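**Student:** What follows is a structure written as structure tokens; I'll ask about it next.
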Amino acid sequence: MKNINVMNEKLNLTLINGTGYVFKVEDYMTLRRKHRIVGALVGTCNVRGWSANDCMERGIAQLVSKRDSLLRVPDEKELAEYHKNLEVSFSAQSETLKAEKLRETERNMSKILAGKRKKLLREGVSDAAIELDASKILQETADNFVFDRKNVQLEIACSHDQPHAFKIVDTPPIQSPLKYKVFCDFWSRGHYVTAGDAFGADFLLYPGDPLQYHASHIVILLDSPIVQPLDLIAKVRLSVIVNKICIFAYFVEGEEKGEDNAEREVHYQTVQWEGNRDRVGLVEGPSEQKR
Amino acid sequence: MERMATNNAELSYQSGLKRTIAAGTEEEELELNKLYDYLHKQLSISRTDRLGGRALATWDPNEKAVRVLRKDGKFGTFGYSHGGQCYLENFEALFLLEMNRLQLEYHSMIMSVEQAYTLLLGEAATTKCNEYLVYSHLTRVGYILVRHQNVPYYDNIEPTAEDCVWALALSAINNRAVPENLKKSPFFAKVKREMKVIKECIKNQQFPEQKQLDKTDSGVINFGVKVISKGKRKILNDEVENPTEAKRRCLEVATSQKSFLDCLKDEPEYKQFQMIFTKFDIIQMDDNNMVTDDEVRTLPITFDLYLHNDGFKKSTPKPPTFRLIILGVHEPFPTHAEIANTYNLQKYPVPLLVVSVGESKQIQALVYYFS
């Protein structure tokens, strides 16, 4: 296993649909910025659920099951406390609103006084008899303040805010050892690696964050080193059209399949269009290098 | 999506929003930070609304479904009734929750999105997640999706005897279900009986009572009367009487026609068969090769899709525009047999939309039309 920087505290990936999801924005940004894991955003634009490609953040994160803690039925005491807290937050909102309203009244006091005076004069009260007291008006406002509970602002949290327990689960078994090995390889070389199904490939390699850069390579996994001519032409033409360099990856044949598939070597074959040589130059990097 | 200030002068072949070469300059660093900040902001938009501003629903542990307590806004396309209460499908509830139109409660505690995902989609790897992905994407675009119901839709037109014949023929050949309204039609029973009688006739080679008919009458198909070819006897007689005539005739045939067999086309027997066959409608049978069960998947239909401006009413729905089959990651597209199978199982056939979910959670959809 390659050396991955182990964080002091591992990030939690919630187990949903057999893979890991991230709900906290900060966690996702850390994963993306620090560890070059991009993943796929699911849900509406404000959902931060993200399912990991091939789930390989062994050193960085752990897969946790939250079902027991998030879905257990709360007992009476918990419910009572929960509702009490909720009511407290509601009344806090009410208090804040009241305070704000009073402050506003104070700010506009001169205008209010002038308005009231005019009204009384219109009603026929003599000037001398008008008694307007700012503090009394404030008191009135405070007394007449009615807070409609319906108007309380309530936020639905994305990641579960209340402290809750989690249970560490094993990572799911790797379905494709070649895929995992290739992913690890390119990731440790510093690329950003994402799913390539938008281009009919297995992986896409980026020189930097996908937000900022176009993909530089497409990686296609082969079951054996033998490739049919028509397939080769199809894939290579595709890569030329989308301006990316095509890499074929496969396990070396002839080696015995040991107990641990990670012992098998992966070979890469890079294909580049000669017409691009002036622009891009000779391909360097993962071409014909065995790792 | 993200807007960037690009310096077109510096990079000669950059014309889009993104860069192609990572040069590690400070400028790139600043750009990246700006992009990250924007992304962070986008992802952090909170779901806040008035307590009374959203619809309210709760998880019913007995029914294992989401029960609606208070509706808000246009609920015409969501929910179903059960036991006098209004319930929401899991994917509908999750969608409304994510769009900030629903407040979901779990034992009177307000659920977070994380909780809702765990509850409604589950921890095990199932098709529910893919279904939800497709549902939320298409609903946000504007289509109306409901859970699939294999319902026969009644037309107001009275079916004719011909419709009955076709329905019965298709059910025998293609295994297509006979529509309910045809079964109730007065023609149906009669047509079914007649078809059965004719089938028996053909199988047993029994012929109905022979009627006295002119042999040259081409209006009636009568297998009972054997056409006796007098032509042959004629030639024999001729040959006996006039051998040179016959030889000349043969020569004529040889020079004018391509093969001797073609002269048979002049025979009345041939002509009669020709007339008979032109009256038939030839229907091509499916391939009778038996396909083993494990080769053919049964593809379940998940959703019925309706167009938004088509006047969709949940209580009296019209036939859907498409029906959706959802394929998971790396699941191969359906074969001819599989898609034909699924199509024929529909009581009211509509075109099928096959949606494939990719590894990057993007979806690709293909429409299958059947003639």
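From first to last, the protein sequence lines are chains A and B. For the record, in the first sequence the residue sitting at position 244 is 244 according to the UniProt record's numbering, with numbers rising by one throughout. For the record, in the second sequence the residue sitting at position 183 is 183 according to the UniProt record's numbering, with numbers rising by one throughout. Each residue gets a CB set at the ideal place from its N, CA and C atoms; glycine is no exception. All values derive from a computational prediction rather than experimental measurement.
Do you know offhand how far residue 125/A's Cα is from residue 107/A's?
**Tutor:** Within the first sequence, numbered from 1, the residue matching residue 125/A stands at position 125. Within the first sequence, numbered from 1, the residue matching residue 107/A stands at position 107. So the two alpha carbons sit approximately 26 angstroms from each other.
**Student:** What's the gap between the Cα of residue 213/B and the Cα of residue 201/B?
**Tutor:** Looking up residue 213/B in the second sequence gives position 213. Looking up residue 201/B in the second sequence gives position 201. Any reading at residue 213/B must be qualified, since the residue scores a pLDDT of 41, below 50, and its modelled position is unreliable; no value is offered.
**Student:** May I ask you to verify whether the segment 311 to 324 of chain B touches the segment 134 to 148 of chain B, counting CB pairs closer than 8 angstroms and requiring at least 3?
**Tutor:** Contact holds: three or more Cβ-Cβ distances are below 8 angstroms.
**Student:** Within the same chain, show all residues whose beta-carbon is closer than 6 angstroms to that of residue 31/A, passing over the 5 residues directly before and after it, in chain order.
**Tutor:** Start at 1 with the first residue of the first sequence, and residue 31/A comes out as number 31. Result list for residue 31/A: 37, in chain order.
**Student:** Classify residue 111/B as helix, strand or coil using the three-state DSSP reduction.
**Tutor:** Translated into positions along the second sequence, residue 111/B becomes position 111. Three-state DSSP puts residue 111/B in coil, outside helix and strand.
**Student:** Kindly indicate if chain B contains any beta-carbon less than 7 angstroms away from that of residue 17/A.
**Tutor:** Numbered from its first residue, the first sequence carries residue 17/A at position 17. Taking Cβ atoms only, chain B reaches closer than 7 angstroms to residue 17/A, which makes this a yes.
**Student:** With a threshold of 7 angstroms between beta-carbons, can residue 54/A be considered close to chain B, or not?
**Tutor:** Translated into positions along the first sequence, residue 54/A becomes position 54. Here residue 54/A scores only 45 on pLDDT, less than 50, and its place in the model should not be relied on; the value that follows carries that caveat. It does not: the Cβ of residue 54/A has no partner Cβ on chain B nearer than 7 angstroms.
**Student:** Should residue 164/A be flagged as near chain B, meaning a C-beta pair shorter than 7 angstroms?
**Tutor:** Here residue 164/A refers to the residue found at position 164 when the first sequence is read from its first residue. No, because no Cβ of chain B sits closer than 7 angstroms to the Cβ of residue 164/A.
**Student:** Under a three-way DSSP split, which group does residue 67/B fall into?
**Tutor:** Here residue 67/B refers to the residue found at position 67 when the second sequence is read from its first residue. Strand.
**Student:** Around the Cβ of residue 47/B, are there at least 16 other Cβ atoms within 10 angstroms (buried) or fewer (exposed)?
**Tutor:** The residue labelled residue 47/B in the question sits at position 47 within the second sequence. That one is buried.
**Student:** Are residue 150/B and residue 318/B closer than 7 angstroms when you measure CB to CB?
**Tutor:** For this step, residue 150/B is matched to residue 150 along the second sequence. For this step, residue 318/B is matched to residue 318 along the second sequence. Not in contact: residue 150/B and residue 318/B (Cβ atoms no closer than 7 angstroms).
**Student:** Sort 365/B, 314/B, 308/B, 100/B by Cα distance to residue 142/B and report the nearest one.
**Tutor:** Reading the second sequence from its first residue, position 142 is the one you call residue 142/B. Closest by alpha carbon: 308/B.
**Student:** Are residue 212/A and residue 30/B closer than 7 angstroms when you measure CB to CB?
**Tutor:** Reading the first sequence from its first residue, position 212 is the one you call residue 212/A. Reading the second sequence from its first residue, position 30 is the one you call residue 30/B. Their beta carbons are not under 7 angstroms apart, which means residue 212/A does not touch residue 30/B by this criterion.
**Student:** Mind listing the chain B neighbours of residue 14/A? Cutoff is C-beta to C-beta under 8 angstroms, in chain order.
**Tutor:** Here residue 14/A is taken as the residue at index 14 of the first sequence, counted from 1. Within chain B, the residues near residue 14/A are 114, 117, 118.
**Student:** Should residue 94/B go down as buried or exposed, given a rule of 16 or more other Cβ atoms within 10 Å for buried?
**Tutor:** Position 94 of the second sequence, counting from 1, holds the residue named residue 94/B. Flag for residue 94/B reads buried.
**Student:** Is DSSP giving residue 273/B helix, strand or coil here?
**Tutor:** Here the question's residue 273/B lines up with position 273 in the second sequence. Three-state result, residue 273/B: helix.
**Student:** Using DSSP bridges, identify the partner residues of residue 103/B.
**Tutor:** Stepping through the second sequence from its first residue, residue 103/B is reached at position 103. Answer is 56/B, bridged to residue 103/B.
**Student:** Residue 11/B CB to nearest chain A CB: under 7 angstroms?
**Tutor:** Residue numbering aside, residue 11/B sits at position 11 when the second sequence is read from its first letter. Low confidence applies here, because residue 11/B scores a pLDDT of 38, under 50, leaving its location unreliable and the question unanswered by this model.
**Student:** Please list, in chain order, the chain A residues whose beta carbon lies closer than 9 angstroms to that of residue 48/B.
**Tutor:** The residue you call residue 48/B lines up with position 48 of the second sequence. Neighbours of residue 48/B on chain A, chain order: 153, 154, 155, 156.
**Student:** With a cut-off of 7 angstroms, does the C-beta of residue 213/A fall near any C-beta of chain B?
**Tutor:** Working through the first sequence from its first residue, we reach residue 213/A at position 213. True, the Cβ-Cβ gap to chain B drops below 7 angstroms.
**Student:** Please report how far the alpha carbon of residue 345/B lies from the alpha carbon of residue 88/B, in whole angstroms.
**Tutor:** Along the second sequence, one-based indexing puts residue 345/B at 345. Along the second sequence, one-based indexing puts residue 88/B at 88. The straight-line gap from Cα to Cα measures roughly 27 angstroms.
**Student:** Compute the Euclidean distance between the alpha carbons of residue 179/A and residue 371/B, then round it to the nearest angstrom.
**Tutor:** Within the first sequence, the letter at position 179 stands for residue 179/A. Within the second sequence, the letter at position 371 stands for residue 371/B. So the two alpha carbons sit approximately 42 angstroms from each other.
**Student:** Tell me which residue opens and which closes the alpha helix (DSSP H) that residue 36/B is part of.
**Tutor:** As a working mapping, residue 36/B is identified with position 36 in the second sequence. Looking at the DSSP string, the run of the alpha helix (DSSP H) that includes residue 36/B is 26 to 43.
**Student:** What in chain B is Cβ-close to residue 82/A, meaning under 7 angstroms?
**Tutor:** Along the first sequence, read from residue 1 onward, the residue named residue 82/A stands at position 82. Going along chain B in sequence order, the residues near residue 82/A (Cβ under 7 angstroms) are 109.
**Student:** Could you spell out where the beta strand (DSSP E) holding residue 81/B opens and where it closes?
**Tutor:** If you number the second sequence from 1, residue 81/B lands on position 81. From DSSP, the beta strand (DSSP E) with residue 81/B extends over 80 to 82.
**Student:** On the premise that residue 116/A lies in contact with residue 145/A, defined as a C-beta separation below 8 angstroms, what is that separation, rounded to the nearest angstrom?
**Tutor:** Numbered from 1 along the first sequence, position 145 holds the residue referred to as residue 145/A. Numbered from 1 along the first sequence, position 116 holds the residue referred to as residue 116/A. Rounded, the Cβ-Cβ distance is 18 angstroms, inconsistent with contact.
**Student:** For residue 240/A versus residue 273/A, is the C-beta distance shorter than 7 angstroms?
**Tutor:** Numbered from 1 along the first sequence, position 240 holds the residue referred to as residue 240/A. Numbered from 1 along the first sequence, position 273 holds the residue referred to as residue 273/A. Closer than 7 angstroms, so yes.
**Student:** So the candidates are 83/B, 54/B, 328/B; which of them puts its Cα closest to the Cα of residue 74/B?
**Tutor:** Along the second sequence, one-based indexing puts residue 74/B at 74. Of the candidates 83/B, 54/B, 328/B, the one whose C-alpha sits nearest the C-alpha of residue 74/B is 54/B.
**Student:** Using 7 angstroms as the limit for Cβ to Cβ distance, is residue 358/B near chain A?
**Tutor:** Locating residue 358/B in the second sequence gives position 358, counting from the first residue. So, interface residue.
**Student:** For the UniProt domain "tRNA intron endonuclease catalytic" (178 to 254) of chain A, which residues have a CB atom closer than 7 angstroms to at least one CB atom of chain B, in sequence order?
**Tutor:** Listed by position along the chain: 194, 195, 197, 198, 207, 208, 209, 211, 212, 213, 214.
**Student:** Would you check whether the ligand FMN has a heavy atom nearer than 6 angstroms to the C-beta of residue 233/A?
**Tutor:** As for the ligand FMN, it is missing from this structure, which has no ligand bound.
**Student:** Taking 7 angstroms as the CB-CB cut-off, is residue 296/A touching chain B?
**Tutor:** Since the displayed chain A opens at 1 and closes at 291, residue 296/A lies outside it and no answer follows.
**Student:** Let's test the definition: count the other Cβ atoms within 10 Å of the Cβ of residue 323/A and tell me whether it reaches 16, buried, or not, exposed.
**Tutor:** This structure does not reach residue 323/A, given that chain A is present from 1 up to 291, and the question cannot be answered.
**Student:** Determine the DSSP secondary structure at residue 83/A, reduced to helix, strand or coil.
**Tutor:** To locate residue 83/A, count along the first sequence from 1; it is residue 83. Helix at residue 83/A.
**Student:** Taking Cβ positions, are residue 123/B and residue 15/A nearer each other than 7 angstroms?
**Tutor:** Numbered from 1 along the second sequence, position 123 holds the residue referred to as residue 123/B. Numbered from 1 along the first sequence, position 15 holds the residue referred to as residue 15/A. The answer is yes: Cβ separation under 7 angstroms.
**Student:** Give me the Cβ distance between residue 113/A and residue 134/A, rounded to the nearest whole Å; I'm assuming they're in contact under 8 angstroms.
**Tutor:** Position 113 of the first sequence, counted from the first residue, corresponds to residue 113/A. Position 134 of the first sequence, counted from the first residue, corresponds to residue 134/A. Confirmed, Cβ separation roughly 7 angstroms.
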